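Visitor: One structure is given below, represented as structure tokens, and several questions about it will come after.
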Amino acid sequence: EKCGKLNAKLEQELLDKGNEILELREKVEECRSDNRVITQRHDQEVEKNAWNVEKIHDLQVKLERYKTNLDQTRHEAEEDAHSLEIEIREKMTEIQALDQQNKELLTRIDELQGDVKLLNEDIQTRDNRIDKLNEVSNTQLKT
Numbered sequence: 019e020k021c022g023k024l025n026a027k028l029e030q031e032l033l034d035k036g037n038e039i040l041e042l043r044e045k046v047e048e049c050r051s052d053n054r055v056i057t058q059r060h061d062q063e064v065e066k067n068a069w070n071v072e073k074i075h076d077l078q079v080k081l082e083r084y085k086t087n088l089d090q091t092r093h094e095a096e097e098d099a100h101s102l103e104i105e106i107r108e109k110m111t112e113i114q115a116l117d118q119q120n121k122e123l124l125t126r127i128d129e130l131q132g133d134v135k136l137l138n139e140d141i142q143t144r145d146n147r148i149d150k151l152n153e154v155s156n157t158q159l160k161t
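What the sequence shown shows, in the working numbering, is residues 19 to 161, in sequence order.
Here it is, written out as structure tokens:
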């Protein structure tokens, strides 16, 4: 009778631990999903950043072309150069903002990876406890 009660108690504990493991695995999957979304956003930002760098390069080339064509009206060339420099500064500001966003996304990815690692360790610890409970249960069933 004592063995039956103990066995029922151990089975309930195993069920409870199993439920905890399922919940932790769901949390891990949520973290992985969040990580995929963050990685996708980061990739998009990197693409946008590359496009901006190309755009700045193109603007710099254009600026040089204007400077070499100074035989045109000097006043027009100076106005064009000035507007291009403003565009370059704006693009540089955008790149700096994108770089900051990239850094924040990388930090968030690192945090999520840390969370996943902790959850995996938690799952392993609980799996080890379940294994020990199973061993105890099996030993008690044999006696």
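Glycine included, C-beta positions come from ideal geometry on N, C-alpha and C.
For clarity, every value in this text was computed on a predicted model and none was experimentally measured.
Across the stretch 56 to 73 and the stretch 103 to 113, are there enough close Cβ pairs to call them in contact, namely three or more that are closer than 8 Å?
Guide: yes
Visitor: I'd like to know whether the C-beta atoms of Asn15 and Leu130 end up nearer to each other than 9 Å.
Guide: The chain is shown from 19 up to 161; residue 15 falls before or after that span and cannot be answered.
Visitor: Apart from the five residues on each side of it in sequence, which residues of its chain come closer than 6 Å, Cβ to Cβ, to Gln119?
Guide: For the purposes of this step, residue 119 is taken as the residue at position 101 of the sequence shown. The answer, listed in chain order, is Glu63.
Visitor: Are there three or more Cβ pairs, one per stretch, closer than 8 Å when the stretch 30 to 42 is compared with the stretch 97 to 105?
Guide: no
Visitor: Could I get the ranges of all uninterrupted beta strand (DSSP E) runs contained in the stretch 83 to 108, with 3 residues as the minimum, in chain order?
Guide: none
Visitor: Using C-beta distances below 6 Å, list every residue in its chain close to Asp133, excluding the 5 sequence neighbours before and after it, in chain order.
Guide: On the sequence shown, position 115 is the one that residue 133 refers to. The beta carbon of Asp133 lies closer than 6 Å to those of Cys49 in the same chain, with the five residues before and after it left out.
Visitor: Of the choices Thr57, Lys23, Asn152, whose alpha-carbon is the least far from that of Thr125?
Guide: The residue you call residue 125 lines up with position 107 of the sequence shown. For the residues Thr57, Lys23, Asn152, the minimum Cα distance to Thr125 belongs to Thr57.
Visitor: With DSSP run on the structure shown, which of helix, strand or coil describes Glu31?
Guide: Translated into the one-based positions of the sequence shown, residue 31 becomes position 13. DSSP places Glu31 in helix when its eight states are reduced to three.
Visitor: Note down the Cα distance separating Lys20 from Lys135, rounded to an integer number of angstroms.
Guide: By 1-based counting over the sequence shown, the position of residue 20 is 2. By 1-based counting over the sequence shown, the position of residue 135 is 117. Lys20 and Lys135: Cα-Cα distance of roughly 40 Å.
Visitor: Compute the distance between the beta-carbons of Lys42 and Leu137, then report whether it is under 9 Å.
Guide: Locating residue 42 in the sequence shown gives position 24, counting from the first residue. Locating residue 137 in the sequence shown gives position 119, counting from the first residue. According to the sequence provided, residue 42 is Leu. The question's Lys does not apply to it. Yes.
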